[in-house]
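Converting from the sequence shown to the working numbering requires adding 2 to each position, the first position being numbered 1. Glycine included, C-beta positions come from ideal geometry on N, C-alpha and C. Source: prediction; values computed, not measured. Scroll down for the structure; my scribbles are underneath it.
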Amino acid sequence: MIKVLWIALGGSLGALLRHAVSSLALRLAPPDVPWGTLAANLLGCFLIGALWVLANRYSFPQEVRVFVFTGGIGSLTTFSTYGLESLLLLREGRVLMGLGNILLSNVLGLALVALGAACALLVLGESVTAVAGMQQ
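Listed below in structure tokens is the structure:
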């Protein structure tokens, strides 16, 4: 139960950080590109890389790890976890697995965004061809 509380606390802080980063990015950059999401994902990637090294070097206890990684960075972005796991596979010499993870995550991720949009349009009784334009 305590583990769940650590995750929840880290998650709420990570979500607040995501909101702050996204808001700042949107104030500083034109709105035609999802700069807020990009900024949150890139910050999460940087943080997970730096904190992973520190967690291993200084033997962070399990409670701190779930607070930071699962809760905090997990709610900031899951893209960072994908990046770390892909890098670890490549560094371990599991190149095919690492590249496969990168390829499948991107290709299937985009495909599932389109599929999810198509399913929602079908439920709404609208044309699925609108998915190509991702009309709102």
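Can you have a look at residue 78 and say buried or exposed, based on whether 16 or more other CB atoms are within 10 angstroms of its CB?
To locate residue 78, count along the sequence shown from 1; it is residue 76. Under this definition residue 78 is a buried residue.
By the 10 Å Cβ neighbour count, where 16 or more other Cβ atoms means buried, how is residue 60 classified, buried or exposed?
Working through the sequence shown from its first residue, we reach residue 60 at position 58. Per the 10 Å Cβ criterion, exposed.
Quick check on residue 83: does DSSP put it in helix, strand or coil?
Counting from one through the sequence shown, the residue named residue 83 turns up at place 81. Residue 83 falls in the helix class under three-state DSSP.
Report the three-state DSSP secondary structure of residue 126 (helix, strand or coil).
Locating residue 126 in the sequence shown gives position 124, counting from the first residue. Correct three-state label for residue 126: coil.
Start and end of the alpha helix (DSSP H) containing residue 67?
Translated into positions along the sequence shown, residue 67 becomes position 65. It spans 64-67 - the alpha helix (DSSP H) in which residue 67 sits, taken as one unbroken run.
Identify whether residue 96 lies in helix, strand or coil by the three-state DSSP scheme.
Counted from its first residue, the sequence shown places residue 96 at position 94. Three-state DSSP puts residue 96 in coil, outside helix and strand.
First and last residue of the alpha helix (DSSP H) that includes residue 14?
Residue numbering aside, residue 14 sits at position 12 when the sequence shown is read from its first letter. Start and end: 4-30.
In or out: residue 47 buried (at least 16 other Cβ within 10 Å) or exposed?
The residue given as residue 47 occupies position 45 in the sequence shown. Sixteen is the threshold: when 16 or more other Cβ atoms of the shown chains lie within 10 Å of the Cβ of residue 47, as they do, the residue is buried.
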